[in-house]
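Student:
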Amino acid sequence: MKVAVVAFAPRELPNFLVQARSLLTCAACFAPQQVELWLLGDLDENTEKNISLSVDAVCQVAPGELGRVYTAEEWIPALERLYRLRRPQVVLFHGNLSGSELTVRLGVRLGGSFMTEITEVAFEENGVTQNGVAQNGVAVARSVYGANLKAVFALNTEPYVLSTAKGAFTLLASAPFGKKQENAILPEWVVLNERMPAWRVGPRLHWEETETGFETARIVVAGGRGVGGVENMERLRRIAALLGGKLGGTRPAVLDGWLRHKDLIGASGNVTQPKLCLSMGASGSGPFMAGVEKSRILAAVNSDPDALIFKYSDFGVVDDCNAVAQELERLLTEERPGLKGARM
Numbered sequence: 025m026k027v028a029v030v031a032f033a034p035r036e037l038p039n040f041l042v043q044a045r046s047l048l049t050c051a052a053c054f055a056p057q058q059v060e061l062w063l064l065g066d067l068d069e070n071t072e073k074n075i076s077l078s079v080d081a082v083c084q085v086a087p088g089e090l091g092r093v094y095t096a097e098e099w100i101p102a103l104e105r106l107y108r109l110r111r112p113q114v115v116l117f118h119g120n121l122s123g124s125e126l127t128v129r130l131g132v133r134l135g136g137s138f139m140t141e142i143t144e145v146a147f148e149e150n151g152v153t154q155n156g157v158a159q160n161g162v163a164v165a166r167s168v169y170g171a172n173l174k175a176v177f178a179l180n181t182e183p184y185v186l187s188t189a190k191g192a193f194t195l196l197a198s199a200p201f202g203k204k205q206e207n208a209i210l211p212e213w214v215v216l217n218e219r220m221p222a223w224r225v226g227p228r229l230h231w232e233e234t235e236t237g238f239e240t241a242r243i244v245v246a247g248g249r250g251v252g253g254v255e256n257m258e259r260l261r262r263i264a265a266l267l268g269g270k271l272g273g274t275r276p277a278v279l280d281g282w283l284r285h286k287d288l289i290g291a292s293g294n295v296t297q298p299k300l301c302l303s304m305g306a307s308g309s310g311p312f313m314a315g316v317e318k319s320r321i322l323a324a325v326n327s328d329p330d331a332l333i334f335k336y337s338d339f340g341v342v343d344d345c346n347a348v349a350q351e352l353e354r355l356l357t358e359e360r361p362g363l364k365g366a367r368m
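Count the sequence shown with my numbering and you get residues 25 to 368, in order.
#1: ASP338 to ILE321, Cα distance in whole Å?
#2: From ALA6 to GLY123, what does the alpha carbon distance come to, in whole angstroms?
#3: Pick from VAL42, SER78 and SER46: whose alpha carbon is nearest that of VAL59?
#4: Does chain B have any CB closer than 8 Å to the CB of LEU271?
#5: Buried or exposed: where does ASP287 fall if 16 or more other Cβ atoms within 10 Å of its Cβ makes it buried?
#6: So which of LEU186, GLU255, GLY272 and ARG133 has the shortest CA-CA distance to CYS53?
#7: Let me know if LEU109 comes out buried or exposed under the rule of 16 or more other beta-carbons within 10 Å of its beta-carbon.
#8: Under 8 Å between the Cβ atoms of LEU64 and PHE40?
#9: Any contact of the region 267 to 274 with the region 322 to 342, i.e. 3+ C-beta pairs under 8 Å?
#10: From the DSSP output, in three-state form, read off GLY273 for me.
#11: Just the Cα atoms here: how many angstroms apart are ASP328 and GLU351?
#12: Could you check what DSSP says for CYS53 in three-state terms: helix, strand or coil?
#13: Just to confirm my understanding: we take ASP379, look at its own chain, exclude 5 residues before and 5 after, and list those with CB closer than 6 Å. What are they?
#14: Would you grab the beta carbon distance between ILE289 and GLY315 for me? Rounded to a whole angstrom, and I think it's under 8 Å.
#15: In three-state DSSP terms, what is ARG166?
#16: Apart from the five residues on each side of it in sequence, which residues of its chain come closer than 7 Å, Cβ to Cβ, to ALA96?
#17: Cα separation between GLU239 and VAL132?
#18: What whole-angstrom Cβ distance do GLY136 and THR181 have, given they're in contact under 8 Å?
#19: Tell me whether GLU351 sits in a helix, a strand or coil according to DSSP, three-state version.
#20: Taking the alpha-carbon positions, what's the VAL278 to LEU106 distance?
#21: Starting from PHE312, trace the beta strand (DSSP E) in both directions and tell me its first and last residue.
#22: Whose C-beta lies closer than 8 Å to the C-beta of SER319 among residues of the same chain, with five residues either side of it excluded?
#23: As an exercise, report each continuous alpha helix (DSSP H) stretch of at least 4 residues that is fully enclosed by the region 246 to 272, in chain order.
#24: Can you find the residues in the same chain that come closer than 8 Å, C-beta to C-beta, to ARG111, ignoring five residues on each side of it along the sequence?
#25: Quick check: what's the CA-CA separation for PHE138 versus TYR169?
Okay, structure coming up:
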């Protein structure tokens, strides 16, 4: 079996390697004979020298005159041609917004099976069985109903086009399959030099970086509705900065306009796995917990002693989260300056 993992050419190499290794971990579930890395976009010389992954081939789709702007209309035809050329049985995307969109659209174009945000894979060479669901093909699991239940789906038509849920697959230091390449970039090139369709005058899109840093953050501060407003959320932002961490929040905090959508933590946002997650004013709903459950240490502050989050936390404080945050900021900036920028 051949598996292709698809990634956009990196703007930030560390985040790219985290995503690529996560995809390779998922690819290993298929016991593949061959693994390919498909890169979408331009590579600079420094990045090309520093990519080191255990794959059998690297295919680059260069954007040509389409530039660096991402839209599915540009990339889907190129991916379809690349599939016809390479013929993998499985195509894997990272589970962000772009990856999920490409998963569905490419799966339809190729007439195969597709599923987004998968969390588990069951595969055997002569068919699969997971709880008696699939007999010939692949069984995949994903979270449903606000991450409160797990559903298993049987996919029986190749190619299998899948995207992984954020944080679902444990990272490998190196992939234990495929040919070990000292120089991972191989002369496998597919160049996209087509003209844009006549109906397009040219892309005029507002580009927003999709990399948020939550996947690699050592410390995460998460604010919930109990924070109460923008000013209090800004205090949490200062605390996160003093600790050298990232600030995110629950869906209510985002919908109330206290944080940007890209700072959402949970099943439909960022899935984190920091060494420390400090939850302030969050109740501990299922979707939010899906984003923080892999924290090594989860500390929670909530004024409600019966808040669900205390069931999952390693440490809990029953108090007004804003009073606690005010005192914590004072300790970090005044009494114990040595904690400023602390690393864990």
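Glycine included, C-beta positions come from ideal geometry on N, C-alpha and C.
Tutor: The answer reads as follows:
#1: Counting from one through the sequence shown, the residue named residue 338 turns up at place 314. Counting from one through the sequence shown, the residue named residue 321 turns up at place 297. Rounded to whole angstroms, ASP338 to ILE321 spans 6 Å at the Cα level.
#2: Outside the shown range of the chain, which is 25 to 368, sits residue 6, and nothing can be said about it.
#3: For the purposes of this step, residue 59 is taken as the residue at position 35 of the sequence shown. Ranked by how close their Cα comes to the Cα of VAL59, the residues VAL42, SER78 and SER46 have SER78 in first place.
#4: Checking the listed chains, one finds no chain B in this structure; it contains a single protein chain.
#5: Along the sequence shown, read from residue 1 onward, the residue named residue 287 stands at position 263. Residue environment analysis places ASP287 among the buried positions, since at least 16 neighbouring C-beta atoms fall within 10 angstroms of its C-beta.
#6: Translated into positions along the sequence shown, residue 53 becomes position 29. Among LEU186, GLU255, GLY272 and ARG133, the Cα nearest to that of CYS53 belongs to LEU186.
#7: For the purposes of this step, residue 109 is identified with residue 85 of the sequence shown, where counting begins at 1. Around the C-beta of LEU109, fewer than 16 other C-beta atoms lie within 10 Å, and the residue is accordingly described as exposed.
#8: The residue you call residue 64 lines up with position 40 of the sequence shown. The residue you call residue 40 lines up with position 16 of the sequence shown. In this structure, LEU64 keeps its C-beta atom at 8 Å or more from the C-beta atom of PHE40.
#9: Counting Cβ pairs under 8 Å, fewer than three are found: no touch.
#10: In the sequence shown, residue 273 corresponds to position 249, counting from 1. GLY273: strand per DSSP, three-state reduction.
#11: Taking the sequence shown and counting its residues from 1, one reaches residue 328 at position 304. Taking the sequence shown and counting its residues from 1, one reaches residue 351 at position 327. Computed Cα separation, rounded: 19 Å.
#12: On the sequence shown, residue 53 is found 29 positions in, with the first residue counted as 1. Correct three-state label for CYS53: coil.
#13: Missing from the structure shown is residue 379; the chain here goes from 25 to 368 and no further.
#14: What you label residue 289 is simply residue 265 of the sequence shown in a count that begins at 1. What you label residue 315 is simply residue 291 of the sequence shown in a count that begins at 1. For ILE289 against GLY315, the beta-carbon gap comes to about 4 Å, under 8 Å, which counts as contact.
#15: Counted from its first residue, the sequence shown places residue 166 at position 142. Collapsing the DSSP output to three states places ARG166 in a strand.
#16: For the purposes of this step, residue 96 is identified with residue 72 of the sequence shown, where counting begins at 1. The residues GLU125, LEU126 and ARG129, in chain order, have a CB closer than 7 Å to that of ALA96 in the same chain once the five nearest residues on each side in sequence are set aside.
#17: Along the sequence shown, one-based indexing puts residue 239 at 215. Along the sequence shown, one-based indexing puts residue 132 at 108. Cα to Cα, the separation comes out at about 30 Å.
#18: As a first step, residue 136 must be located in the sequence shown, where it is residue number 112. As a first step, residue 181 must be located in the sequence shown, where it is residue number 157. Yes, GLY136 and THR181 are in contact; Cβ-Cβ is about 5 Å, under 8 Å.
#19: Translated into positions along the sequence shown, residue 351 becomes position 327. In the displayed model, GLU351 falls within a helix according to three-state DSSP.
#20: Start at 1 with the first residue of the sequence shown, and residue 278 comes out as number 254. Start at 1 with the first residue of the sequence shown, and residue 106 comes out as number 82. Roughly 39 Å separates the two Cα atoms.
#21: In the sequence shown, residue 312 corresponds to position 288, counting from 1. Run containing PHE312: none in the beta strand (DSSP E); it sits in the alpha helix (DSSP H), 310 to 316.
#22: Here residue 319 refers to the residue found at position 295 of the sequence shown. Taken in chain order, the residues that qualify are VAL244, THR296, GLN297, PRO298, LYS299, LEU300 and CYS301.
#23: List check, alpha helix (DSSP H) in window: 254 to 266.
#24: For the purposes of this step, residue 111 is taken as the residue at position 87 of the sequence shown. Excluding residues within five positions, the ones whose Cβ falls inside 8 Å are LYS26.
#25: Walking along the sequence shown from the start, residue 138 turns up at place 114. Walking along the sequence shown from the start, residue 169 turns up at place 145. Distance between the alpha carbons of PHE138 and TYR169: 19 Å.
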